[in-house]
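**Student:** What follows is a structure written as structure tokens; I'll ask about it next.
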Amino acid sequence: MGFSFSVLGHFFKLGLQPHVRTYNTQINGFVLGNRVAEATRLFNKMVEGGHCKPSDVTYNTLIKGFCMMGSNSAAIQLLRKMERGACKLTYNTIIDSLCKDTLVDDGLNLFSEMISRGVAPNVITYTAFIHGVCKLGKWKEATRLLNEMVSQNIFPNAITFSVLVDTLCKEGMVLDTESVVQMMIQRDVEPNVITYSSLMDGYCLRGELNQAKKVFDLMVSKGSMVDVHSCNILMNGYCKHKKINEAKKVFQKMPCLKLLPNTVTYNSLIDGFCKAGRIGEAKKLFSEMQGCGQLPNVQTYTILLDGLCSNQRFSTAIELLKEMDGKKMELDIVIFTVLIEGLCKAGNIESAKNLFCGLSSKGLHPNLRTYNVMLQALCDKCLLAEAKQLLREMEEKGCSPDGWTYNIIIRGFINNNETSWAMGLIQEMVGRGFSADASTMELIIDLLSKDRVDPALLPLLKDS
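According to the UniProt record's numbering, the sequence shown is numbered sequentially starting from 1.
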């Protein structure tokens, strides 16, 4: 790029006027190198000189650059300067950028302008809109756009269908997704790995693991269709539904499919083993992972730490923490919260308190989750004075209680016959827009039946 720019400078020194293609090459180079400001300066120099008019290629290249940088307004301003009017590529580039930024209404305004100027939309235009409304969760609008484009004899491609399938699956609308896939097949559009993976993910989210496995087997039968991501989806689905042996089978099949597990693969399976109480297998997989050249990330360590703590393997958890420290990995508040929660659940409240109090010396600050864990433990141990103090400290340090916080401490005080203080907290909770959960409400109703609290409290709770 430096050489080509110096050649351009040499042109100017000799009093020669570079050809538009020379400018276009230079501007495109700047755009590809994310140097849009320099591309803009060169464009302005080109226009100000008056000897070389920008072509459609010049405008479209710079518009693409603005869109890549998220400068949609600059792209539209440049669109207005095009003498011969924008072409389909120009409109599609800006519409796609607007829709990716969920500025669908602005995209529709440009779409109307496009039509009024006699520029016909194509599959790229409609796919951009479908993607945009899908990002906003407006699946009905996405379906409407799909039907509209078909009525205009504009046929969706694999990308269009994949975007729609992904959104419908995330909405849990697997039956609608199946209809879209059938439409693809009827129109001779071969579903790709993204389409099938999205469908499989949808089945997993609904707990329909047999259906997910059928999709996976179909992908395997098509040869190169399966990738690591699709394996991870099925494994994660099995793990979430406590079918760890099935997840293990998918993992063991990966070498036969010539696929190498990645960090996400190992994390899912380690998490599955931990939640199933199979800590030995989780630790073994953790070692195998490193032996295969896959370095554990912070999430891997956090998953294993959580599993160790949940199974009261605290000495091993501390060793793992030291290993992280030795590798200069960031020991964040999430990791320490996992340890604190594990100690609390094991009834080791003093060690949990010591770890909590030592956070500031490590440059860490408790987050909402950390406070909630400690408050739950203090209430369980009937340490109500400490719970009150921690609640005050939490607010003083700028960490506002959430619904969980209030329900934890209200239950703690009711269970320990501190009803007057609990009632004050209930009013505060409702005033902040939170509500009593089922467990808290059950305790309050019990108190009402025994005439131990003011009945005027019940309408307040119903309103929340």
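Every residue, glycine too, gets a C-beta built ideally from N, C-alpha and C.
1. Touch check for the stretch 174-189 and the stretch 144-162: three-plus C-beta pairs under 8 Å?
2. List the endpoints of the continuous alpha helix (DSSP H) containing ARG117.
3. What is the DSSP secondary structure of ARG278, counted as helix, strand or coil?
4. Counting along the chain, where does the alpha helix (DSSP H) carrying LEU391 start and finish?
5. Would you call the stretch 357-365 and the stretch 376-392 touching, i.e. three or more CB-CB distances under 8 Å?
6. Please return the same chain residues whose Cβ sits closer than 6 Å to the Cβ of VAL57, not counting the five positions on each side in sequence.
7. Hey, could you find the ends of the alpha helix (DSSP H) GLN294 is sitting in?
8. Should CYS134 go down as buried or exposed, given a rule of 16 or more other Cβ atoms within 10 Å for buried?
9. Let me check understanding here. Comparing Cα to Cα, which of LEU320, GLY326, LYS328 lies closest to LEU339?
10. Find the nearest neighbour of SER287 within the set GLU323, LEU259, LYS275, MET254, judged by alpha-carbon distance.
11. CA-CA distance, LEU103 and CYS169?
12. Whose C-alpha, out of MET114, THR40, LEU375, SER179, is nearest the C-alpha of THR143?
13. Here's the rule I'm using: 16 or more other beta-carbon atoms within 10 Å means buried, otherwise exposed. How should ASP106 be labelled?
14. Rounding to the nearest angstrom, what Cα-Cα distance links CYS239 and GLN294 in this structure?
15. Tell me the residue span of the alpha helix (DSSP H) that contains MET374.
16. For CYS99, which residues of its own chain have a beta-carbon under 7 Å away from its beta-carbon, when the five flanking residues on both sides are left out?
17. Do you know offhand how far VAL264's Cα is from GLY424's?
18. Closest to TRP421 by CA distance: which of MET429, GLY431, ILE410, VAL430 is it?
19. Given ASN34, which residues of its chain have a CB within under 8 Å of its CB, disregarding the five upstream and five downstream residues?
20. Which residue comes first and which comes last in the alpha helix (DSSP H) that contains VAL150?
21. Do VAL215 and TYR203 count as a contact pair if the criterion is CB distance below 9 Å?
22. Run the CB neighbour count on GLU341, radius 10 Å, all protein chains shown included, and call it buried at 16 or more, exposed below.
23. Measuring straight from C-alpha to C-alpha, what distance separates LEU443 and ILE414?
24. Would you grab the beta carbon distance between PRO261 and VAL228 for me? Rounded to a whole angstrom, and I think it's under 8 Å.
25. Mind checking CYS357: buried by the 16 CB within 10 Å criterion, or exposed?
26. Are CYS344 and SER310 touching if we call contact CB-CB under 9 Å?
27. Taking C-alpha atoms, which residue in LYS222, GLU171, GLY207, ARG187 lies nearest to TYR196?
28. Applying the criterion that 16 or more other CB atoms from any shown protein chain within 10 Å of the CB defines a buried residue, is GLN376 buried or exposed?
29. In whole angstroms, give me the CA-to-CA distance for LYS81 and ASN122.
30. Please classify GLY307: is it buried, with 16 or more other beta-carbons within 10 angstroms of its beta-carbon, or exposed?
**Tutor:** If we stick to the structure as given:
1. Segments in contact, yes.
2. Along the sequence shown, one-based indexing puts residue 117 at 117. Careful: ARG117 lies outside any alpha helix (DSSP H) and carries neither H nor E.
3. Within the sequence shown, numbered from 1, the residue matching residue 278 stands at position 278. Reduced to three states, the DSSP call for ARG278 is coil.
4. Locating residue 391 in the sequence shown gives position 391, counting from the first residue. Segment 384-396, the alpha helix (DSSP H) holding LEU391.
5. Segments in contact, no.
6. The residue given as residue 57 occupies position 57 in the sequence shown. Hits under 6 Å: ASN24.
7. Numbered from 1 along the sequence shown, position 294 holds the residue referred to as residue 294. That residue, GLN294, is in no alpha helix (DSSP H); it is neither H nor E in DSSP.
8. To locate residue 134, count along the sequence shown from 1; it is residue 134. When all chains shown are included, CYS134 counts as buried.
9. In the sequence shown, counting from the first residue as 1, residue 339 sits at position 339. Out of LEU320, GLY326, LYS328, LEU320 has the C-alpha closest to the C-alpha of LEU339.
10. Within the sequence shown, residue 287 is the residue found at index 287, counting from 1. The shortest C-alpha separation from SER287 is found at GLU323.
11. Residue numbering aside, residue 103 sits at position 103 when the sequence shown is read from its first letter. Residue numbering aside, residue 169 sits at position 169 when the sequence shown is read from its first letter. Between LEU103 and CYS169, the C-alpha separation is close to 23 Å.
12. Mapped onto the sequence shown, residue 143 falls at position 143. For THR143, the nearest C-alpha among the options comes from SER179.
13. As a working note, residue 106 is residue 106 in the sequence shown. Looking at its Cβ environment, which holds 16 or more other Cβ atoms inside 10 Å, ASP106 is buried.
14. For the purposes of this step, residue 239 is taken as the residue at position 239 of the sequence shown. For the purposes of this step, residue 294 is taken as the residue at position 294 of the sequence shown. One C-alpha to the other measures close to 20 Å.
15. Within the sequence shown, numbered from 1, the residue matching residue 374 stands at position 374. 368-380 is the extent of the alpha helix (DSSP H) around MET374.
16. Residue numbering aside, residue 99 sits at position 99 when the sequence shown is read from its first letter. Once the five neighbours on either side are set aside, the close Cβ partners of CYS99 are GLY107, ALA128, PHE129, HIS131, GLY132.
17. Counting from 1 along the sequence shown, the entry for residue 264 is found at position 264. Counting from 1 along the sequence shown, the entry for residue 424 is found at position 424. In this structure, the CA atom of VAL264 is about 46 Å from the CA atom of GLY424.
18. Position 421 of the sequence shown holds residue 421. With distances taken between Cα atoms, TRP421 lies closest to ILE410.
19. In the sequence shown, the residue the question calls residue 34 occupies position 34. Closer than 8 Å at Cβ, skipping near neighbours: MET68, MET69.
20. Taking the first residue of the sequence shown as position 1, residue 150 is located at position 150. From DSSP, the alpha helix (DSSP H) with VAL150 extends over 139-151.
21. As a working note, residue 203 is residue 203 in the sequence shown. As a working note, residue 215 is residue 215 in the sequence shown. Between TYR203 and VAL215, the CB-CB gap stays under 9 Å.
22. Working through the sequence shown from its first residue, we reach residue 341 at position 341. Buried, since its Cβ has 16 or more Cβ neighbours within 10 Å.
23. Your numbering for residue 443 matches position 443 in the sequence shown. Your numbering for residue 414 matches position 414 in the sequence shown. If I take the Cα positions, the gap works out to 7 Å.
24. As a working note, residue 261 is residue 261 in the sequence shown. As a working note, residue 228 is residue 228 in the sequence shown. Between VAL228 and PRO261 the Cβ distance is about 7 Å, and since that is below 8 Å, they are a contact.
25. Working through the sequence shown from its first residue, we reach residue 357 at position 357. Exposed.
26. As a position in the sequence shown, residue 344 is number 344, starting the count at 1. As a position in the sequence shown, residue 310 is number 310, starting the count at 1. Taking 9 Å as the Cβ cut-off, CYS344 and SER310 do not qualify as a contacting pair.
27. Counting from one through the sequence shown, the residue named residue 196 turns up at place 196. Nearest C-alpha to TYR196: LYS222.
28. Here the question's residue 376 lines up with position 376 in the sequence shown. With a 10 Å radius around the Cβ and a threshold of 16 neighbouring Cβ atoms, GLN376 comes out buried.
29. Start at 1 with the first residue of the sequence shown, and residue 81 comes out as number 81. Start at 1 with the first residue of the sequence shown, and residue 122 comes out as number 122. Taking the straight line from one Cα to the other gives about 24 Å.
30. Taking the sequence shown and counting its residues from 1, the one referred to as residue 307 is at position 307. Buried is the call here.
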